[in-house]
Structure formats: structure tokens, C-alpha cells
Amino acid sequence: MISYLAEICAMVLSESNMLPHVNAGTLSEADIRLLKPHSVSMGMMLENVSRRLIAKGGAHYACPDKVPVQRIRTLDRAGRLGVPFTTGILIGIGETWAERVDSLLTINNLHREHGHIQEVIVQNFRAKPGTAMANHPEPSLDDMVRTLVLARLLLEPSISLQAPPNLEARFASYIAAGINDWGGVSPLTIDHINPERAWPQIEALRRATAECGYGLQERLAVYPSYLERPQHFFAGDIAPRLSAIARPDGLALQQCLS
Numbered sequence: 001m002i003s004y005l006a007e008i009c010a011m012v013l014s015e016s017n018m019l020p021h022v023n024a025g026t027l028s029e030a031d032i033r034l035l036k037p038h039s040v041s042m043g044m045m046l047e048n049v050s051r052r053l054i055a056k057g058g059a060h061y062a063c064p065d066k067v068p069v070q071r072i073r074t075l076d077r078a079g080r081l082g083v084p085f086t087t088g089i090l091i092g093i094g095e096t097w098a099e100r101v102d103s104l105l106t107i108n109n110l111h112r113e114h115g116h117i118q119e120v121i122v123q124n125f126r127a128k129p130g131t132a133m134a135n136h137p138e139p140s141l142d143d144m145v146r147t148l149v150l151a152r153l154l155l156e157p158s159i160s161l162q163a164p165p166n167l168e169a170r171f172a173s174y175i176a177a178g179i180n181d182w183g184g185v186s187p188l189t190i191d192h193i194n195p196e197r198a199w200p201q202i203e204a205l206r207r208a209t210a211e212c213g214y215g216l217q218e219r220l221a222v223y224p225s226y227l228e229r230p231q232h233f234f235a236g237d238i239a240p241r242l243s244a245i246a247r248p249d250g251l252a253l254q255q256c257l258s
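Number 150 in UniProt numbering belongs to position 150 of the sequence shown; there are no gaps in the numbering.
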């Protein structure tokens, strides 16, 4: 499966001007080495480090790919192999506040060791009909805001903080709580995890951001600071491909914000 994914990423690179960001779940060292020359960055949500959640009745029961130690090992391997990485926590799945803190600190400690965590997502759980957690209560806006503030206080300043704007109508509240990134917002594709939640229009994001005193700018799938160490963080011809589409400040050369 990973070799197939690597081939598809290589095809994307050879036949388009797009640069792949890979999210393939838990990965071995060999998997990461295979994918690195064909992707600019990788990602995988940690979700939570609590082993309680993998017990019967927990949100991660019977999900071997979500055993915390397996996900932590993937994050560590990516760091040792110099892969810019996106991760995050999922709130409202039965975790305690202490477990949220432990999860954020685990991510932060890995970043302190390797310097590879480019962003942390705080994502609010949304119940889905027909699932085991269809009637599980969803976290409130206040819960999200408090968690974002906590994350911003615990995480290194070099780690960007992100929250999905399509999962909360009052998403502008996230800015004051400490986020500095809206994540991948596409006018062309749906959110495949939450297809019932449409992405906000780019203009709505721009307006909400401006009302909070900030400007909306398009970035690449890798943050600007990683472009300063291309030999460590990129393999193959990824670095020159990035240089061709990046401004001197590392953001996207072509700002497609309409």
C-alpha cells in the first residue's frame, strides 16, 4: 500500500505542479524513507495519548492504528528522518483535561527533540449518524476556545496552531484564542472526514480574519522556516520545486485567495 502511495505521489510530481502532503496513518521508518522524496510534508493526528480510549467502550476501541504508542512512534520516526509534520488532538471523545495536556506535551517534547512539528490541529469531535458515537455529546465553542488557549500556552512558539473553520459557525472566535492558521481550505474539494460540513468561502475567512486585525495569506504545504534547511527536510527534487513556487518569505508565490 505504501509503495503504491509513493508511486502515486511520484506521478503527481511528474505530471502536475502540485506537491503532495501525505497522511497515511502510522508509518514505519522504511515507509517514511520511501515517501519522503515524493512529498513536501506528512501528517497524522495523534488524537490523544490516553490508553483508556482504546479499552472497550472507548472512542478508539478496536482501532489498532490508533494505539497511542504506535502514533507516538510514527511522530518520532518522522522527526528523526527530517520530515515536516502536521499532527493534532481530537477533543470531545471522552478524554479528560489532564489527558489533553499530556497529549499536547507529548507533541511538544517530540518537537523540542527534532524540530519537525510544523503545526498542531485542535479538532472538535462531530457526531456522525449510524456510528457507535452518534449520540455522544459534542464539545462546545467554550471548550474549543479553552483548549486552544491551553495549546498556545503549552506549545513552542515555532509550532503553528490550527483549528478547522468548517466545524464551528463562530470560527472567528478561534483567532483570539491563539490560532494563526486555518489549515487546508479548498474551494474545490469537500472535507472528506466531515462531508456534511462545507468549507467557508475564502472571502468569509478573509473578512473574519481582517475583523480580528490580521491578514489572510496563502502558504504552501510546508511552513516557511523549513525552506531554510532544505538538505535536512527535503529529498529528491522537492527543494527546487518548492523554491520555484515560494516567495522570498516562504509563502506561496501565487496567492489564490479569491
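In this text, a Cβ means the ideal position worked out from N, Cα and C, and glycines have one as well. If you're wondering where the values come from, they're calculated on a predicted model, not measured in any experiment.
Stretch-stretch touch, CB-based, cutoff 8 Å, three pairs: the segment 104–113 with the segment 169–178: no
Beta-carbon proximity list for Leu253, same chain, < 7 Å, skipping 5 on both sides: Ile245, Ala246, Arg247
N- and C-terminal bounds of the alpha helix (DSSP H) containing Gln70: 68–80
Test item: CB-CB of Pro84 and His116 under 9 Å: yes
Nearest-angstrom Cα separation, counted from Gly82 out to Leu167: Distance from the CA atom of Leu167 to the CA atom of Gly82, rounded to whole angstroms, is 31 Å.
Segment limits, alpha helix (DSSP H) that includes Asn108: 97–114
Minimum length 3: unbroken beta strand (DSSP E) runs contained in the segment 152–198: 160–162
Top-ranked residue by Cα proximity to Ala132, from Ile91, Phe171, Lys56: Lys56
Inter-stretch contact (C-beta, 8 Å, three-pair minimum) for the segment 2–16 and the segment 28–48: Segments in contact, yes.
Secondary structure, alpha helix (DSSP H): runs of 4+ residues fully inside the segment 201–247: Listed in chain order, they are 202–211, 230–233, 238–245.
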